[in-house]
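Using my numbering, the first residue of the sequence shown is number 15, and each one after it goes up by one.
What follows is a set of notes on a single structure, which appears directly below.
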Amino acid sequence: MTGGSRDDDGGGATDGGDGDRGVAGDGAAEAGTVSILDAGPASVSMLGADGGTDEAAGDEVGGRAGEFDRSSSEFYLNRELSELAYQRRVLHEALDERNPLLERVRFLSIFTRNMDEFFMKRVGGLKQQMEAGITDRTVDGHTPREQWGAVLDAARPMFARQTDCYESVIRPALAEAGVHVVDYDDLSPDERASMREYFERSVLPTLTPLAFDPAHPFPFISNLSLSLAVLTREDDEESPTFTRVKIPQNLPRLVEIAAGERYVLIEEVVRANLDLLFPNAEVVEASLFRLTRNAEVRRDEEVAEDLIDMIEEVLEQRRFATAVRLEVEAGTSERVRQTLVEQLDLDEREVFERPGPMDYREFDTLLDLDRPELKLPEWTPQPHPRLQRQRTPLNDASDDGGDIFARIREDDILLHHPYHSFTDTVQRFIAEAATDPDVLAIKAAIYRTASDSQVIQSLIDAADNGKQVAVMVELKARFDEQNNLEWVRRLEENGIHVAYGTIGLKTHTKTALVVRQEDDGVELYSHVATGNYHSETAKGYVDLGLLTADRDIGQDLVKVFNFFTGPSLDEEFRKLLIAPVTMRDRLTRYVRREAEHARAGRSARIVAKVNALEDPEIVAELYEAAMAGVDVDLVVRDICRLRPGIEGVSENVNVYSVVGRFLEHSRIYYFENGARDPDLRADDSPLGEPEYYIGSADLMTRNLDSRVEAVAPVEDTAIREQLRFVLDLLLRDNRKCWEMNADGSYEQRQPGPGEAVISTQEVLMERARRAAADDDVDCGIPAGDATESDLLVEPADSGRGEFSPGREAIDQGRGEPGPGEPNRGGPSRDRNDVGSGRADRDADSDATGPGADSSASNAEPDSEASDAGTDDRTSAAVESVVATAGGDSAVAENGDLPGPLRDNPDAWYRPDSDHYDFAVRTPDGTVYRETAEGAAAVVERFEE
């Protein structure tokens, strides 16, 4: 499954949508704009120090254009509201009519899980700070109480939208498809009789009514449990008695009436048959409610005598933690509502009234129906071409392909999950090491793993086979503590050295090391990854892993594993970037290095794909690099504090978010490092060579300062080409990609007229499938020789890995600027025009590319294509990426501007900007957009 599964890094679970449009009747063409501001007035005050925001925020931040003060709160978006903006993008996947029906149901479920976790972790943390009397302001200028109020106001319409989506769209569509989720009142007499029999036989014995009266204290309400608040009255009673009835969680939530066709919710079955539970009482009221408790329960590690005991105590305390949210059914009486608020010590603002179902988690069981026409095509992770057992090894015809270490010795191997099978790659790496007679030792860092983990079993087998085995199991992996405790005990029972964690730090690195005796000495084989050793999440999380025999990386991992079991962490590493000792300084140095290249007149570029960009210092460094002239593209799945498009500060920064069927979880960093300037590449100079990195760390303060993280350089040119292809796809995606505006709002990209649909995940699935079937392919995700890109894998004059066609100025159809407004001349950069490159900073750089003309797409347009994904459409998208990376948009080429721009020439103009092609005059100020479609949407909005 996708991000509905727990994520260990950023803000919650899956990839999803953010639209803030009406539900019924909304089509793909209006995938729309979704904003941090959508939720209500309290959230508006969170974005600026003065409490005001508007779509012209990019113009006015910092007083005069080009001014930047690191300490000024107006340059930083709020973390909590940024995460909620991500959850709106998740919800949009349920709203998007282009998705198959059961995929939309799945995202209703994912949204519920994500919001549950947000309240448990983030809202719980804010409430904890409030109770402790903390009034310190965050970098965006707000106290815990202000943030708490803002997120409650922001969440309320999101829940209303989820309900409206289900009741107005999803439920009727399911019924039309022959899958009926019916109200109990709509059952026939025979069906009611059947449900009453089911209740009496299977449900009633599991129920325990807990009364609240002078003889009984208020019952304990467990976290995320669904309950009925029942008011009953007996003949001689004046006031009804409050009783809590917990809906059983170990029975199917969707009770099947007719197989695969008709369902009723179990809470409705319970409510309709309460007379059997209260036989001598009148049921006055039965209202549903659901409670959420704080998960931010911690103890001081410094004073804990035993880390295992501490974690077990935290787990116990979490059961009884402070309540942070109460969801009640619409129509609940004031008596029930006040009883719950008072007894659970809640603020009235923490009460959310929910019509319809208030818990959609179990609705994803509908995906088990045999209805392929209602789902996305099934995906089976493919074998990696380099590791397929039936293939002849590249350099040894006598080998049967069974030796994974021989493959790694030949060249580094890039694994890309879920496109590549976790079982046949990572799990095989550990399993073969466990049985290989030449392996001396295996070490692994486990953050999260499956409850039936074969990786853990292989480590146990290795110990049984006489290997030295050391395992770091992070007991503080939130919500996986119990699972990890059980594995610790099992590992220790088998005589394995287990480290539980580090005082003051959380071990988040995803690394494994195999030590092997070979003919020429002891060799080190390393696995450095972005994702966990978890076979289930590897089927739904997008992650990268590097298998390498690089000695320097292996020696660095030796130091890291020695830290897990020893007293201290080394501060010097050969190649790996290790948090919390070297990573922050190195990343800061690389960003500043790009700024120096830009100041020297060289082309400078940073591309980063992360789950979250939260650290204020890194945000400030990126602002200053952008002001120096560095072009910055950030693919940030959820939390992002940085504001793109601020005039004179972040005009040449783009922020994107990709939300699809799989949870985007990988981290990739690209620094151009002056690679277009041949004069830099002197002997032994670190300059002039593009750099790629992958690893476990996001750009969050906790990752850089409070966790053990590992990020590895990628030096193999073939693997760099694969990473470049992935980054190019993400930046060109026009199906699942959202682009952030300066005010924190997001707009989902749409294919332009005549453009092929490009969905990154669909393209990579197709590429992986093709690679596995082609005996001539030996890399995981082949990029193709014809791929055009302005990212480099080698220095620009090396004859490999660069395509940077120029782009001539397109003046056709442009509006004229108004009085005092600059007229833009010269080249511009379209946000879909990744391959065309950035505006170069010196005249010489134009000559480095092999061509100056952008190629046009030869893919057939498919205006009615669904994201369900057919082979034909996916193949067309694949070929389009290869053939048209860098091609100018149809709008730019033929001047066929959208109607609102043609009809309102005085409402817009071409700004003097290397980043934005359109500026729209609005009552709130000038709004900048990169594409004609985006500008047209602004014009339409203000026309209304």
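From the three backbone atoms N, C-alpha and C, an ideal C-beta is built for every residue, glycine too.
Going by beta carbon distance, what residues of the same chain come within less than 6 angstroms of Gly274, once the five residues before and after it are set aside? Leu383
For Pro266 versus Thr220, is the C-beta spacing smaller than 8 angstroms? no
Specify the secondary structure class of Pro262 as computed by DSSP and reduced to three states. coil
What residue from Arg600, Leu360, Asp652 and Ala187 has the CA that sits closest to Tyr683's CA? Arg600
With DSSP as the reference, label Trp162 as helix, strand or coil. helix
Using a 10 Å radius around the Cβ and a threshold of 16 neighbouring Cβ atoms, would you call Asn264 buried or exposed? exposed
In or out: Phe234 buried (at least 16 other Cβ within 10 Å) or exposed? exposed
According to DSSP, simplified to helix, strand and coil, what is Val605? helix
Sequence-distant residues of the same chain with beta carbon closer than 7 angstroms to Asn308, five excluded per side: Met134, Gly138, Lys141, Gln142, Ala335, Thr336 and Val338
Which value, in whole angstroms, describes the spacing of the CA atoms of Ser664 and Ala563? 40 angstroms
Residues near Glu532 in its chain [Cβ-Cβ closer than 7 angstroms; skip 5 each side]: Asp452
Coarse secondary structure for Asp373, derived from DSSP in three states: coil
If I follow the unbroken alpha helix (DSSP H) through Asn717, where does it start and stop? Thr715 to Asp719
Could you please give me the residues that DSSP links to Tyr670 through a beta bridge? Val649 and Glu753
Contact defined as beta carbons within less than 8 angstroms: I believe Phe303 pairs with Leu340. What is the distance between those atoms, to the nearest angstrom? 6 angstroms
Note down the Cα distance separating Leu116 from Arg185, rounded to an integer number of angstroms. 11 angstroms
The beta strand (DSSP E) with Met486 in it runs from where to where? Gln482 to Val487
Burial state of Glu270 (16 or more Cβ within 10 Å): exposed
Any idea what DSSP makes of Cys793, helix, strand or coil? coil
If contacts are defined as beta-carbon pairs under 8 angstroms, then Met172 and Arg159 qualify, I think. What distance do you get, rounded to the angstrom? No, Met172 and Arg159 are not in contact; Cβ-Cβ is about 21 angstroms, not under 8 angstroms.
When Val771, Phe676 and Ala146 are compared against Arg112, the one with the closest alpha-carbon: Val771
Run through DSSP, which three-state label would Lys623 get? strand
Enumerate in chain order the residues of its own chain whose CB-to-CB distance from Leu218 is below 8 angstroms, with the five nearest sequence positions on each side excluded. Asn287, Leu290 and Leu291
Leu290: first and last residue of the uninterrupted alpha helix (DSSP H) it sits in: Leu288 to Leu291
Candidates Tyr277, Val278 and Phe256, of which the one nearest Ser301 by Cα: Phe256
Spell out the partners DSSP gives Arg368 in its beta bridges. Glu343
Pick from Arg935, Ser540, Leu591 and Thr521: whose alpha carbon is nearest that of Asn918? Arg935
Using only alpha-carbon positions, find the residue among Leu224, Arg530, Glu488 and Gly535 that is nearest to Ala1026. Nothing about residue 1026 can be reported from this structure: the residues present for the chain run from 15 to 958 only.
Would you list the one or two residues that DSSP bridges to Ser959? Any answer about residue 959 is impossible in this case: the structure gives the chain only from 15 up to 958.
Give the C-beta separation of Val975 and Val355 to the nearest angstrom, bearing in mind that I take them to be a contact with Cβ-Cβ under 8 angstroms. Coverage of the chain is limited to positions 15 through 958, which leaves residue 975 absent and any answer about it impossible.
Please classify Ala640: is it buried, with 16 or more other beta-carbons within 10 angstroms of its beta-carbon, or exposed? buried
Where do the N-terminal and C-terminal ends of the alpha helix (DSSP H) with Phe443 fall, by residue? Arg442 to Thr449
Given 8 angstroms as the limit, is there contact between the segment 607-614 and the segment 659-675, that is, 3 or more CB pairs closer than that? no
Cα-Cα separation between Leu737 and Leu745, rounded to whole angstroms: 12 angstroms
Which residue marks the beginning of the beta strand (DSSP E) containing Gln764, and which one marks its end? Per DSSP, Gln764 belongs to no beta strand (DSSP E) and is neither H nor E.
In the DSSP output, what is Val528 paired with across the bridge? Ile456 and Tyr539
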